[in-house]
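Engineer: Here it is, the structure, as structure tokens.
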Amino acid sequence: DTAVVFAAAGAGSMVVAFMLPRVLGRLPYRPFMLVGGVVLGIGLLLGLTDPGLLALLPVWFVLGAGSSLIQTPAGRLLKRSAHKGDRPAIYAAHFALSHACWLLAYPLAGWIGATLGLTVAFTVLVFVALTSTAAALALWPGSRPRRSGAPARGA
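In my numbering, the protein residues as written are 1 to 155.
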């Protein structure tokens with residue numbers, strides 16, 4: 001069952017990852033990434049319905065799609081936001097920070113689910129996803145004037 005659910009998440013992620021690059025060249029990254037946070041929140045809210053395995057598959061598809069909406073533009077955003085000489089450091093920092101967050105979030109979700117129940121785990125994760133998305137909305141400006149020769153920011 002676990003492998004099938006992970007496959008649904010992978011399918012959602014791959015659908016977005018294959019389609020999104022076509023539009024990222026023409027449209028800003030920020031809206032896609034913010035929508036990804038909302039999609040994750042919605043997927044986690046759907047988990048509160050205590051679905052059986054068959055109904056859980058679309059939930060995990062949505063979670064995969066939301067994750068990919070955030071992660072697919074991330075590399076492009078980092079590239080645009082740093083000078084060429086700074087890119088190795090910014091990619092390394094992104095890798096370290098994202099994996100540190102996963103290192104905390106996965107065991108925390110598992111511990112909460114095992115000790116307090118899946119309803120509490122989904123509730124906490126909905127809060128984290130939507131709070132993080134709201135923080136990104138507030139802290140990441142929609143647009144800034146570009147300095148000549150400077151990399152683009154906030155797009």
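Beta carbons: idealized from backbone N, C-alpha and C, even for Gly.
Excluding the 5 residues preceding and the 5 following Phe122 in the sequence, name in chain order all residues of the same chain whose CB lies nearer than 7 angstroms to its CB.
Structural biologist: Leu44, Gly47 and Leu48
Engineer: Give the secondary structure of Gly25 by DSSP, where H, G and I count as helix, E and B as strand, and everything else as coil.
Structural biologist: coil
Engineer: Take Pro145 and list the residues in its own chain whose beta-carbon comes closer than 6 angstroms to its own, dropping the five residues that flank it on each side.
Structural biologist: In this predicted model, Pro145 has a pLDDT of only 46, less than 50, meaning its place in the structure is not dependable; the value taken from the coordinates is given anyway. Around Pro145: no qualifying Cβ.
Engineer: Quick check: what's the CA-CA separation for Trp60 versus Arg76?
Structural biologist: 25 angstroms
Engineer: Using three-state DSSP, classify Pro141 as helix, strand or coil.
Structural biologist: coil
Engineer: Use the C-beta contact count for Thr115: other C-beta atoms within 10 angstroms, 16 or more gives buried, fewer gives exposed.
Structural biologist: exposed
Engineer: So does the stretch 7-25 actually touch the stretch 64-83, counting three or more Cβ pairs closer than 8 angstroms?
Structural biologist: yes
Engineer: For Leu97, count the other beta carbons within 10 Å of its own beta carbon; 16 or more makes it buried, fewer makes it exposed. Which is it?
Structural biologist: By the neighbour-count definition (other C-beta atoms within 10 Å, threshold 16), Leu97 is an exposed residue.
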